[in-house]
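2 protein chains.
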Amino acid sequence: MTADTPHSAPAQTSLTEPDFLRVLKGARLASPPVWFMRQAGRYLPEYRALRATAPDFISFCLNPDMAAEATLQPMRRFPFSAAIVFADILLIPEALGQKVWFEAGEGPKLGELPDISVLEANVPFAADRLSAVGETLSRVRAKLEPNRALIGFAGAPWTVLTYMIERGSSNREHARSYAWRNPQHVDQLLAILVESTAQYLAMQVKAGAQALQIFESWAEGLSESQFRRLVIAPHQALVSRLVELGVSVPVIGFPRGGGGLSLLYAQSVEVQAVGLDTSTPLQLGRDIQKLRTIQGALDPLALRAGGPELDAEVERLLDAWGQGPYIFNLGHGILPDTPMAHVEQVLARVTGRGV
Amino acid sequence: MTADTPHSAPAQTSLTEPDFLRVLKGARLASPPVWFMRQAGRYLPEYRALRATAPDFISFCLNPDMAAEATLQPMRRFPFSAAIVFADILLIPEALGQKVWFEAGEGPKLGELPDISVLEANVPFAADRLSAVGETLSRVRAKLEPNRALIGFAGAPWTVLTYMIERGSSNREHARSYAWRNPQHVDQLLAILVESTAQYLAMQVKAGAQALQIFESWAEGLSESQFRRLVIAPHQALVSRLVELGVSVPVIGFPRGGGGLSLLYAQSVEVQAVGLDTSTPLQLGRDIQKLRTIQGALDPLALRAGGPELDAEVERLLDAWGQGPYIFNLGHGILPDTPMAHVEQVLARVTGRGV
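These protein sequence lines are chains A and B, in that order. Just add 885 to wherever you are in the first sequence, counting from 1, and you've got the numbering used here. Just add 885 to wherever you are in the second sequence, counting from 1, and you've got the numbering used here.
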């Protein structure tokens, strides 16, 4: 689980392992593995058709038939190196007793934040309540080709907490203000999320996840001191707790919007890989690559725009980061109105790199 | 105008100059100068009363009586080291022929983006049309104590262009997409904004501005290649053009949201100081300080929250950056609902540093 050793020792990796896992362990490949955040999603017509058969989004996520199908759809269409289980980061608050629902076109809504005691009482049961996600993983792993990896994931404690505090989507200003004003309460809530998330991720690994990604979608706008308290400390606690629970698969931490603080994150949290967002300086990526595998960071807007500008941007990323342990990905989730031809355009360029 | 020489040579500064200007030239003071972005604004009851007397926001900005009074209000109440002229970054599109208006509670609205030819034809007249801002500067300079500096400012070309393209406030996704899809058109528009902004800033210096700040409020979310094209290149052109126009006052560039790219900015653009936003790593600030004076970066949410957490955050900034050439400021504008007592709390701590 530790990543103390730099990536110069890929000896532990096996040639029979999926490339994606080999690179997470430090291997440098001529052609990087590639997957896209939200690759199972609304840009696919087959996803939209499937989604239309479910009464609501939470039911869709917790139905292993539907979620496994959604997970596999992009794998049939594109040569992605890894699948990521179809689920949502807000399943955790739901499992902890805070009501979550989605209104069409409006994003998530959450009910009142329960008292600490109520949340704490729910912690031992949260992973069990999400056993459907484990069932999805088992089914996908059984159907996925052996050279393609399966990723489990969860929202990071702070990001999930921003939703729990704000009770919906926003720029997180209220949650960040809350953290300045109520540091002790926020620390208590984060501890609850660390424990329930660790158990949830451990359950996913038992069910078939071969790697884990922790989505810190709202690392942006935090001062260094808040980033240390709200992002780094809970990620450290989560990674330690996973080790205690016997989890030994590689972990990708993705502090989206962390900007220059991504380096501090890479230095402080013993994940195997760091996900980088769109605005990561190329040199900063190279600096982080000395410590961890990196993953990212094509602008989803460039992907949607297509054309020669897209090709040029892909080349810049491959030139800057392709030499080190690198997983090609976007810097944020794929946009629903992205043409599938642009996905093909990028994949041809990335997977053709080593030929 | 150049900042090629590192800050170890403050010999050119004079003891009779305002501290703010001395630090922009590289002086290191035991107690840093301090001002707050949007220090003239809605958190002040006297500002709200004054603003209520104007029919609309553009008229307010272009009325030297009112704008000078708004500029001076925070200087009477607090020991800020510098005043910043009360104006708006959207005066430039208005002067270039794109209609701008403000609807209460909704932020700015802009009319249709004129053709390149129309905008170009307006460039020679834009600074003249904004001569009221020069008049405001003259009046403020005449009333301000000699040990306090007066700052002129403009929006950076890309930031202003995002408003011109999006025709209002948003997350800038449309403008960033437009830049991927229409790079040549965007370059043409940026060139127009560089020239008109340079003339506007030169006019401000003639009228009494002793330093200039370029507000790149929307540097966030850009990949390095887009940051180079949309932020760095226009800032370089703007700084060069100011030199050609005979401007010799110090310039502060503020690429807000640039994250790790702020270092590339400091290395590439010959401004005298770099404004840092809330999420700047402390070490990155120190790295930039080797090249330029730095300014920032207290979280406005911490200021609004107050209490011991605010004191601790101020101390962290002073400890990290107080040794080098440093101007204390926020990482973003002061929020309208900030208690004035919190401003006093911070100023007492910052200005008491050297005692």
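C-beta atoms are modelled at their ideal positions from N, C-alpha and C, and glycine is treated no differently. Since this is a predicted model, take the numbers as computed values, not measurements.
The straight-line gap separating the alpha-carbon atoms of I1117/A and A934/A is approximately 39 Å.
With fewer than 16 other Cβ atoms from the protein chains shown falling within 10 Å of its own Cβ, M1225/B counts as exposed. In the DSSP assignment, Y1211/B falls within the beta strand (DSSP E) that extends over 1211-1215.
At a cut-off of 8 Å between C-beta atoms, D1204/A does not count as an interface residue with respect to chain B. For chain A, the residues of the stretch 1042-1067 of chain B that bring a beta carbon within less than 8 Å of one of its beta carbons are E1058, R1061, S1062, W1065, R1066, in chain order. With its beta carbon less than 8 Å from one in chain B, S1164/A belongs to the interface. Unbroken beta strand (DSSP E) runs of no fewer than 3 residues, entirely contained in the stretch 1084-1131 of chain A, are found at 1096-1101, following chain order.
At a cut-off of 8 Å, the C-beta of S1153/B has no neighbouring C-beta in chain A. The C-alpha of G1040/A lies about 41 Å from the C-alpha of F1038/B.
Taking a Cβ-Cβ cut-off of 7 Å, the neighbours of D1184/B in chain A comprise S1108, given in sequence order. About 5 Å separates the beta carbon of V919/A from that of V1235/A, a gap short enough to meet the 8 Å contact definition. Taking the beta carbon of L1167/A as reference, the chain B residues within 8 Å of it are E1109, listed in sequence order.
Judged by DSSP secondary structure, W986/A falls within the beta strand (DSSP E) whose first and last residues are 985-988.
Across the set V985/A, A1011/A, G1106/A, the C-alpha of V985/A shows the shortest separation from the C-alpha of I1050/A.
Beta-bridge partners assigned by DSSP to L1035/A: A968/A.
Residues of the stretch 1125-1151 of chain A with a C-beta less than 9 Å from any C-beta of chain B: G1142, G1143, G1144, G1145, L1146, S1147, L1148, L1149, listed in chain order.
Closest in C-alpha terms to I1137/B, from the list G1131/B, Q1121/B, K994/B, comes Q1121/B. Neighbourhood of R1171/B in chain A, by CB distance below 7 Å: empty, with the nearest CB roughly 12 Å away.
When the beta-carbon positions are compared, L1029/A and Q1089/A stay at least 8 Å from each other.
If you draw a straight line from the Cα of G1142/A to the Cα of V1025/A, it is about 31 Å long. For L929/B, no alpha helix (DSSP H) segment is defined, and its DSSP state is neither H nor E.
G992/A sits exposed, since fewer than 16 C-beta atoms from the chains shown fall within 10 Å of its C-beta. Per the DSSP secondary-structure output, V1136/B pairs in a beta bridge with L1097/B. Below the 7 Å Cβ cutoff, chain A contributes S1108, S1110 as neighbours of E1198/B, in chain order. Under the Cβ distance rule, R1189/B counts among the residues neighbouring chain A, one pair being separated by less than 8 Å. Bridge pairing for G1181/B: F1213/B [DSSP]. Only buried fits T1163/A, as 16 or more other CB atoms lie within 10 angstroms of its CB. Listed in chain order, the positions of the stretch 1012-1036 of chain B with a beta carbon within less than 7 Å of a beta carbon of chain A would be empty, since no residue qualifies. Look at P918/B here: in three-state DSSP terms it is coil, with no helix or strand label. A straight-line Cα-Cα distance of about 33 Å links L1146/A and A1092/A.
For the 8 Å CB-CB criterion, L1004/A and L981/A form a contact. One finds W1065, R1066, P1068 in chain B with Cβ atoms closer than 8 Å to the Cβ of E1194/A, taken in chain order.
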